[in-house]
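Visitor:
Protein chains in written order, with the working numbering: chain H, 56 to 651; chain V, 3 to 356.
1. Which partner residues of residue 139(H) appear in the DSSP bridge assignment?
2. Can you say whether residue 669(H) is buried or exposed, counting buried as having 16 or more other CB atoms within 10 angstroms of its CB?
3. Nearest to residue 180(V) by alpha carbon, out of 201(V), 191(V) and 169(V)?
4. Would residue 77(V) count as contacting chain H if we go by Cβ distances under 8 angstroms?
5. Tell me where the alpha helix (DSSP H) around residue 330(H) begins and ends.
6. If you scan the stretch 254-320 of chain H from start to end, which runs of the beta strand (DSSP E) of 3 or more residues do you find wholly inside it?
7. Curious, which full-length alpha helix (DSSP H) runs of at least 4 residues does the stretch 386-439 of chain H contain?
8. Just confirm the distance between the C-beta atoms of residue 229(V) and residue 269(V), as a whole number of angstroms; I'd bet it's less than 8 angstroms.
9. Does any CB atom of chain V fall closer than 8 angstroms to the CB of residue 492(H)?
10. Taking contact to mean at least 3 C-beta pairs separated by less than 8 angstroms, is the stretch 325-342 of chain H in contact with the stretch 115-135 of chain H?
11. Residues of chain V with CB closer than 8 angstroms to the CB of residue 162(H), please, in chain order.
12. With H, G and I counted as helix, E and B as strand and the rest as coil, what does DSSP make of residue 162(H)?
13. Please classify residue 326(H) as buried or exposed, where buried requires at least 16 neighbouring CB atoms within 10 angstroms.
14. Which same chain residues, not among the five before or five after residue 555(H), have their C-beta less than 6 angstroms away from its C-beta?
15. Contact defined as beta carbons within less than 8 angstroms: I believe residue 326(V) pairs with residue 305(V). What is the distance between those atoms, to the nearest angstrom?
16. Please go through the same chain and pick out, in chain order, the residues whose beta-carbon is closer than 7 angstroms to the beta-carbon of residue 394(H), but skip the five residues on each side of it.
17. Hey, out of 283(H), 253(H) and 610(H), whose CA is closest to residue 263(H)'s CA?
18. Would you verify that the beta carbon of residue 431(H) is, or is not, closer than 8 angstroms to some beta carbon of chain V?
19. Thinking C-alpha only, which one of 272(H), 296(H), 352(H) and 373(H) is nearest residue 285(H)?
20. Hey, how far is the Cα of residue 537(H) from the Cα of residue 518(H)?
21. Starting from residue 239(V), trace the alpha helix (DSSP H) in both directions and tell me its first and last residue.
22. Residue 11(V) to residue 167(H), Cα distance in whole Å?
23. Going along chain V in order, which residues have a C-beta closer than 8 angstroms to the C-beta of residue 478(H)?
24. Closer than 8 angstroms by beta-carbon distance: list the chain V residues that pair up with residue 389(H), in chain order.
25. Three-state secondary structure (DSSP) at residue 57(H)?
26. Inspect the beta-carbon positions of residue 194(V) and residue 263(V) and report whether they are closer than 8 angstroms.
27. Which stretch, first to last residue, makes up the alpha helix (DSSP H) that contains residue 32(V)?
28. Of the residues 354(V), 293(V), 148(V) and 3(V), which one's Cα is nearest the Cα of residue 1(V)?
29. Can you give the beta carbon distance from residue 203(V) to residue 212(V), rounded, assuming they're within the 8 angstroms contact cut?
30. State buried or exposed for residue 494(H), treating a residue as buried only when at least 16 other CB atoms are found within 10 Å of its CB.
31. Give me, in chain order, the residues of the same chain whose beta-carbon lies closer than 8 angstroms to that of residue 172(H); leave out the 5 immediate sequence neighbours on both sides.
32. Among all the DSSP beta bridges, which residues are the ones paired with residue 128(H)?
33. Along the stretch 431-446 of chain H, what residues have a CB closer than 8 angstroms to any CB found in chain V?
34. Can a CB atom of chain V be found closer than 8 angstroms to the CB of residue 315(H)?
35. What residues match up with residue 357(H) in a beta bridge as DSSP calls it?
36. Mind checking if residue 462(H) is an interface residue toward chain V, Cβ cutoff 8 angstroms exclusive?
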């Protein structure tokens, strides 16, 4: 079958044979397992068990939090011993919510069963089962599989690509799984095909360096409509975008998803998990993980329970800490270093690499970039890494975006070939973060500016409205005055004309309403009297404090107290003054009224 | 258990900048041997003298800048600059010519701009051009190729050469003479055939010009080794050589008295091959993308030919490279490769123009 060749790429030493000498093994069940609630892209799961609860193997312990999430299941039987933040596998060494299970050693399954009649099951039911089994992409990103398999009717899928490339050095998890579980994998692909409405093109993409796996698949794909497509080994052929191009010659437009061009790409480990979920009714609670590197005496693949501490795996693999140059989760190209081995294996962990200093020595100090262009030759997406590095140092965001920084897949090919040992990928990650932060800040500041402008406008409008009302009132008052004068003149001659006093009546009514709204003079006076009483009380208290002040207190404290007394006295005087003024003013108005 | 936190990728190819530079140095050996056979010990003395000066100057400046001297000397970049300058300078040039050129290359053209990776111009060519403009007589006096030395005269031995370089001893008559490009420039009114018949530089040559053709073949071999080792891509050198060939074919003019010479003569005399494989391939000061390097190389080729044919200077690689260095950032703005998932190439400046 025709394959296409991606630009760039590198050929690091494969180092895969070490972990392929033994079949897939199993580890003793660890005493405690730690299951992070977020092992996938999307919202973390919500615990549905309480500390102290007994759980069986495969029992759900956390619910999916919405569509874009997956549930978690107990990898073995035991007791929930903690639900709290724990260190998880993340390059930052951060803490995240986790459920800890203390195993009872019985490894007792919960009652489970698969679909009785798969062939007649609806896609919807199958998708729900996949989602309920907690399956998220096992190739690395952890995208919820049910979401990926449901691209919507507007995006018909014509190609299903199963990614068995495994292009990273050292990792053999997929390779060994295919060798031993080819039949189940193909069964899983059949279910996928059914869900997607039997796409015309079903391909398993695999690098030519896995002849045993290719041979293992061959008998099972006969007459199945599935083609096994092998292509020359090159890193990073296993990137989703790269694999799709290699197999179909199509590129996913920047910023879009494979489904937009009618392709769904699924990791081969995920197809096995789907088979187990649909046919056997088993949720995703274990995965094949490669344990490799010269710092371990045993290099092999393990069928590892999710939640197994990395330290448990190391302890069972003749690990020598002093020989280990770094501990990597994932492969040597895109894996991230772990600062502690007390983190759990999760659904996306395909490899634990414990290399010796000879295999992966400490980094040498970076030399200046000489723009030799080896990075550009290695870049699988045709970027100019040397220019990105230059602009990244200059924090020139506009140039970085024009140079398509966001199309960088962070495969590390550029850093791998860089003769000056520059950690290029790290620079790009940093710049991406900075640009995203700047974008978010801009959205925020735009929002704030809009709100401020709207606020200003509203105040102006309110001011205008008030002004208009005032003008209207003034006008109305003037015309009323004129009419009142008119009316009193007329009243002399025509007293019993009912229409004439209408305007005067309105004004009188308004005045009455205003008077009603106003506090009556008596109430006002009572208020003043209350404030005087309060002020008197405070003055009394201040005086008492001053009197109580004994000799032990400093001069400064005494000054403060006497100042307080003085302040209280002044306030009392002001209150008395206000009351006096009020009484005077009130009697004046009364007098005035009487005069009138 | 605690482990180091190191960012991916963890694996690293064994290539490093020192090795790249050392390979470039090894690749100059065929050219140096050809120069030494055909033009005597002068070039070797130039190379040694320039290297010593450059390394000392680099060490001093790096020290003054408060950087670790050993770390920066280990990258061999100063040695490469010095060797290329030494090879470009006329054999038996006075010692101070070499020293001034090397100092200018390292101190002014490289370190004052920030050292390795930050120089906008090719340091060796800056040094060369400063010398060419300042000391035109010293810089245009070339040694006669071995095959054309008069009867009974030979190139000075190593000791005599050192005396010529370090004291003002003048070499014997006939030891210096015109270069092939000079001969064409100053052979007014002669048809190409007449020049070829009269001038032993051509009449006794294999296919281009006595001695020079071998020097160019030497650099071509070294260049092909570097190309094979993927130190640089073919785009720049091939574009430059193709541009020279095409220009000299277009203006060959049937070998008339106005003809600046044949394509073969232009490709295999002067500094053509050295320029194409060792000078214009300096990645720091060149264009970065493959398409950019095609344009950059072609520009140099065209400029080399224009200056050779119609300029005042007999050879032009240094000027052409420096002029193209000026243009490199501009070329870079418009020659970005098409990235995966994009239908078109983008311009580096497009965000600023919005």
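Each residue gets a CB set at the ideal place from its N, CA and C atoms; glycine is no exception.
Guide: Taking the geometry as given:
1. 153(H)
2. A query on residue 669(H) cannot be resolved here, the shown segment of chain H reaching from 56 to 651 and no further.
3. 201(V)
4. yes
5. 323-334
6. Runs found: 256-262 and 281-286.
7. 429-433
8. Residue 229(V) to residue 269(V), Cβ: 16 angstroms. No contact.
9. no
10. yes
11. Residues of chain V passing the Cβ test: none, with the nearest at roughly 27 angstroms.
12. coil
13. buried
14. Because the pLDDT at residue 555(H) is just 49, under 50, the model does not fix this residue reliably, and the value given afterwards should be weighed accordingly. Taken in chain order, the residues that qualify are 542 and 545.
15. A Cβ-Cβ distance of about 7 angstroms is found for the pair residue 326(V) and residue 305(V), placing them in contact under the 8 angstroms criterion.
16. 148
17. 283(H)
18. At least one C-beta of chain V is nearer than 8 angstroms to the C-beta of residue 431(H).
19. Here the closest residue by C-alpha is 272(H).
20. 29 angstroms
21. 237-252
22. Whole-angstrom Cα-Cα distance: 42 angstroms.
23. 9
24. In chain order: 10 and 11.
25. coil
26. yes
27. 31-41
28. Since the first and last residues shown for chain V are 3 and 356, residue 1(V) lies out of range.
29. 5 angstroms
30. exposed
31. none
32. 115(H)
33. 431, 432, 435, 436, 437, 438, 439, 441 and 442
34. Under the Cβ criterion of 8 angstroms, residue 315(H) is not counted among the residues facing chain V.
35. Looking at the DSSP output, residue 357(H) sits in a beta bridge with 80(H) and 344(H).
36. yes
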